[in-house]
Structures are given as C-alpha cells and as structure tokens.
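In terms of my numbering, the sequence shown opens at residue 207 and continues consecutively. All C-beta atoms, glycine included, are put in the ideal place defined by N, C-alpha and C. Since the structure is predicted, the reported quantities are computational estimates derived from the model, not experimental observations.
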Amino acid sequence: MPLYPSLDEYLMLSNTSSRPLKQTIKMNINAKAPSTSTSSLRLSKLKSFDVHNIDGLDTHTLDECLQHLTSLERLTIRDWKEVDLEGMQWEPLKNLSRLEIVSIPKLVSLPIGLQHLTNLQGLYLCHLPNLTSLPDEMRCLTNLQILGIEGLPQLEERCRKDIGTDWQKIAHIPNIRLCQ
Numbered sequence: 207m208p209l210y211p212s213l214d215e216y217l218m219l220s221n222t223s224s225r226p227l228k229q230t231i232k233m234n235i236n237a238k239a240p241s242t243s244t245s246s247l248r249l250s251k252l253k254s255f256d257v258h259n260i261d262g263l264d265t266h267t268l269d270e271c272l273q274h275l276t277s278l279e280r281l282t283i284r285d286w287k288e289v290d291l292e293g294m295q296w297e298p299l300k301n302l303s304r305l306e307i308v309s310i311p312k313l314v315s316l317p318i319g320l321q322h323l324t325n326l327q328g329l330y331l332c333h334l335p336n337l338t339s340l341p342d343e344m345r346c347l348t349n350l351q352i353l354g355i356e357g358l359p360q361l362e363e364r365c366r367k368d369i370g371t372d373w374q375k376i377a378h379i380p381n382i383r384l385c386q
C-alpha cells in the first residue's frame, strides 16, 4: 500500500526514499484504464508538490510522477544531484502557475518543454551553477508575471534590462528579480 493514497492539497518529500512514491506511480499506471478518469487516480488532485533530494529518484521517474499530477499548481524541485530535467514532458501540467528550481547542479539549460506551461505566472531559478543562459522559448511564457533569478551571476548578467544578451527573451515579464 502506498503512503500517498489520496492527497488533494500539498505533499512535501524531503531527504527520503523514492520507494513509496514509485509504488503510488505504479498503482496509477496499473489503474489507468480507458474508462478510468484521471481525476480518480492517486495524487491527481494534488495542488502543490515540493520534492527535495529524494534518494533513488532520477529525471525519468520524476517525469513519470508528474504525468499524473494534472491538477498541480505549484512545483518545487530542490537539491538533487541525479536530476537534470532533460527530456521531461511538461504538457500535462497545464494548471502549473508557480515553478521553483533550486540547487540542481546537473541542470545546464531549462527544458524546452517549459514553453507548454501556458498558465505559469512565477518562475524561480536559484543556485543552478551550470545554467548560464535562457532558452528562446521563454518568449512563449506570456502569462509569466515574475521571474526570480538568484545565485546565478552569469545568468543575472545576461538578463540585465536592455543590455543583457537574454533580455529580449524576458522583456515581456513585468517583474524580474535578480539577486546575488
């Protein structure tokens, strides 16, 4: 039996094993029949998910998990050495309005799939040592109201108003916070 049989609001996993989460995902996959409504699956009503340094959870498994979180509005991915977010499918997260990506050393570029997060209003990027530029697809995030960048000196320089190399990609965002 999974530890997360039915949660509607908030789940935070921090410094723990991925086993219970993987069991819940497996149950979702097994239960998903053509007649099964997505909203009846475990965790499908979850609104906020914070995942921090989960042992044994790689990018592929995280992606598989997120495919079932169709009601998710807020996602925080923090402190992971195994995750790079490469190749993740973001399309099912149509309700996501806030995304925080913090301390992911393997992240070298933002996933192109983020362009599908059309309801995204807040994007926070913190302490990502290998992230040095933003993708052109940032222009697709037309509902983005806040972009926070902290602890990324090279990226902060590229995002300086009117003079930064990446400024044109984010000029449409009304509130840009650059913090060192």
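Here's the rule I'm using: 16 or more other beta-carbon atoms within 10 Å means buried, otherwise exposed. How should residue i be labelled?
i: Met218; result: exposed
i: Thr371; result: exposed
i: Asp214; result: exposed
i: Cys385; result: exposed
Leaving out five residues on either side along the sequence, give the residues of the same chain with a beta carbon under 8 Å from the beta carbon of residue i.
i: Gln327; result: Ser303, Arg304, Asn349, Leu350, Gln351, Ile352
Compute the Euclidean distance between the alpha carbons of residue i and residue j, then round it to the nearest angstrom.
i: Asp342; j: Pro317; result: 11 Å
i: Asn325; j: Asn301; result: 6 Å
i: Leu224; j: Ile369; result: Per the sequence presented here, residue 224 reads as Ser, with Leu not at that position. Rounded to whole angstroms, Ser224 to Ile369 spans 44 Å at the Cα level.
i: Leu275; j: Arg364; result: 33 Å
i: Trp286; j: His378; result: 31 Å
i: Gln360; j: Arg366; result: 10 Å
i: Glu279; j: Leu299; result: 8 Å
i: Thr282; j: Val289; result: 13 Å
i: Lys253; j: Tyr216; result: 6 Å
Tell me which residues share the same chain as residue i and place their Cβ nearer than 6 Å to its Cβ, disregarding the 5 neighbours each side in the sequence.
i: Cys332; result: Val308, Glu356, Gly357
i: Thr354; result: Just to set this straight, residue 354 is Gly in the shown sequence, not Thr. Closer than 6 Å at the Cβ level, and outside the excluded window around Gly354, lie Tyr330, Arg383.
i: Asn221; result: Asn259
i: Leu263; result: Ser224
Give me the Cβ distance between residue i and residue j, rounded to the nearest whole Å; I'm assuming they're in contact under 8 Å.
i: Cys346; j: Gln374; result: At roughly 14 Å, the Cβ-Cβ gap does not stay under 8 Å, so Cys346 and Gln374 are not in contact.
i: Thr265; j: Leu249; result: Not really, about 19 Å apart at Cβ, beyond 8 Å.
Given residue i, which residues of its chain have a CB within under 7 Å of its CB, disregarding the five upstream and five downstream residues?
i: Gln295; result: Asp269, Gln273, Gly319
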